[in-house]
Ligand SMILES: Cc1cc2nc3c(=O)[nH]c(=O)nc-3n(C[C@H](O)[C@H](O)[C@H](O)COP(=O)(O)OP(=O)(O)OC[C@H]3O[C@@H](n4cnc5c(N)ncnc54)[C@H](O)[C@@H]3O)c2cc1C
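Shown next as structure tokens:
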């Protein structure tokens, strides 16, 4: 069983994984089993070109960030299990967490982070009750969000990125994923506010 499983390998999912991974030397996190389902086919990064993101060189493609993000996650935090080439089709509750079913396997996790983007083509069964029209997108685009408070849908179930109700900007989606990661780390650290900073 995973302690935390992230669904989606786009901006918010990868950012969440990087921050969770960076806590590996903290006593409260070093025994945690963390995974990410790195499906990237439908990421909005596939078509994006970035000129307006702080720290990202102008002209960087979203596609290159998808690749380098996975490489960076593996190089720095290889203890995070990357689950490739699987698409989540169903999420359900269990007595002590969640069952995540993909087109190939099934996984259990105490905490699940849904970071699959805000398209209304979302096809994960079990989320129907949380889907509402997106509060910060043009109505004609039919974007959706999963109703949440501070990224929490219900106990143990988080949403990050555009699907959490944020406008679609790379920095916002990444920040949302990082935010969820620090909330999970805070939970694991018995409620003590937690962040992970490396220093020169
Ligand atoms: C053409 C274009 C240009 C853009 N230009 C800019 C820009 O210049 N500046 C800027 O700041 N932002 C820009 N953006 C916005 C930016 O790309 C998004 O805000 C950001 O990618 C949203 O991140 P996210 O994590 O919410 O979703 P995504 O990055 O879309 O990630 C969602 C992930 O979930 C995966 N997924 C979906 N369904 C499933 C499933 N069932 N199971 C498992 N995984 C699943 C997808 O494959 C994807 O990897 C642009 C977007 C587009 C489309």
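In the working numbering, the protein residues as written are 5 to 204. Using N, Cα and C, we set each Cβ at its ideal position, and we do this for glycine too.
Under the criterion of beta carbons closer than 8 Å, residue 136 and residue 151 qualify as touching, at roughly 5 Å. Ranked by Cα distance from residue 20, the options 38, 32, 90 are led by 38. A distance criterion of 7 Å places the beta-carbon of residue 45 in contact range of ligand 1, judged by its closest non-hydrogen atom. Restricting attention to 92, 91, 75, the CA atom closest to the CA of residue 84 is found in 75. Sequence-distant Cβ neighbours of residue 146 in its own chain, meaning closer than 6 Å and more than five residues away, are 124. Within the same chain, Cβ atoms closer than 8 Å to the Cβ of residue 55 are found at 62, 63, the five residues on either side in sequence being excluded. In this structure, ligand 1 has no non-hydrogen atom nearer than 7 Å to the beta-carbon of residue 60. Secondary structure at residue 86: strand, using DSSP grouped into helix, strand and coil.
Annotation for residue 25: 38, 77, 80, 81, 83, 84 place their beta carbon closer than 8 Å to its own, counting only its chain and skipping 5 residues before and after. Here the alpha carbons of residue 68 and residue 117 stand approximately 23 Å from one another. With contacts defined as CB atoms closer than 8 Å, residue 168 and residue 192 fail to qualify as a contacting pair. The Cβ-Cβ distance between residue 129 and residue 93 falls below 8 Å.
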